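Residue numbers (UniProt numbering): 1 to 187.
Everything below concerns the one structure shown next.
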Amino acid sequence: MIRGGDIAKGTVLLHKGSPYLVVEREFVNPGKGAAFARVKMKNLKDGAVLTQTIKTADTVEDATVDTHKGQYQYEDGENYLFMDTESYDQISVPSDIINDKKYYLREGDEYEILIWEGNPIDVKIPAKMVFEVAESENYVKGDTVSGATKPITTETGLVVRVPLFIKQGEKILVNTESNEYQERINS
């Protein structure tokens, strides 16, 4: 059990029998009445998002979720396969859990896999990742006004809008939470 005032971003709570990951937490101390936390949570089983208000003195059940480091191996059509870096066991994550995260998976890279009651429920992607530009249209300087962007495709198939000066073969830093270009990486 965890007190409402102790809930933080990243905490996994049990709500109506399902694990929920706290994605946002706002502490509110009104002039009148008891303080409370407004919590935005994501269901780790089906991805549904809900907002809950919890008084700071109330207690809620926290879920026991195991975290395993897994090296991404390959995708077999229905599952994405990872190798546990400690036990060398294979962890099979169903494709409906991965969804659009597939564009952030690269063979050989390590990811955190959340396991609840023996089943994988989520794969954590780093907040920022470096990608190589696989496809990009060329634009001539002076084609547009400043601040213009173009779509590019990375080596994993991810499509990102980038400034016009980015060329094929260059490396870029991408914010994986917003799917936005951050900067060009000089190597």
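Cβ coordinates follow ideal geometry from the N, Cα and C atoms, glycine included.
Please read these numbers as outputs of a predicted model, since none were measured by experiment.
- Glutamate 107 is a Cβ neighbour of tyrosine 72, given a cutoff of 9 Å.
- CA-to-CA, the gap between serine 87 and aspartate 96 works out to about 25 Å.
- For aspartate 122, the pairing in a beta bridge is given by DSSP as Leu114.
- Unbroken beta strand (DSSP E) runs of no fewer than 3 residues, entirely contained in the UniProt domain "Elongation factor P C-terminal" (129-184), are found at 149-154, 159-163, 171-175, following chain order.
- Isoleucine 7 sits in coil when the DSSP states are folded into three classes, being neither helix nor strand.
- If the five residues before and after asparagine 43 are omitted, its C-beta is found closer than 7 Å to the C-beta atoms of Ser18, Tyr20, all from its own chain and listed in chain order.
- Distances from the alpha-carbon of arginine 25 to those of Leu13, Met83, Glu170 put Leu13 closest.
- In the DSSP assignment, aspartate 58 falls outside any beta strand (DSSP E), carrying neither H nor E.
- Within the same chain, and ignoring the five residues on either side of lysine 128 in sequence, the residues whose Cβ sits closer than 8 Å to its Cβ are Leu173, Val174, Asn175, Thr176, Gln182.
- In this structure valine 49 is in contact with lysine 40, their Cβ atoms being roughly 7 Å apart against a cut-off of 8 Å.
- The beta-carbon distance between glutamate 132 and lysine 150, rounded to whole angstroms, is 16 Å. This is too long to meet the 8 Å contact definition.
- CA-CA distance, alanine 8 to tyrosine 139, rounds to 46 Å.
- Under the three-pair Cβ rule at 8 Å, the segment 60-67 does not count as touching the segment 78-94.
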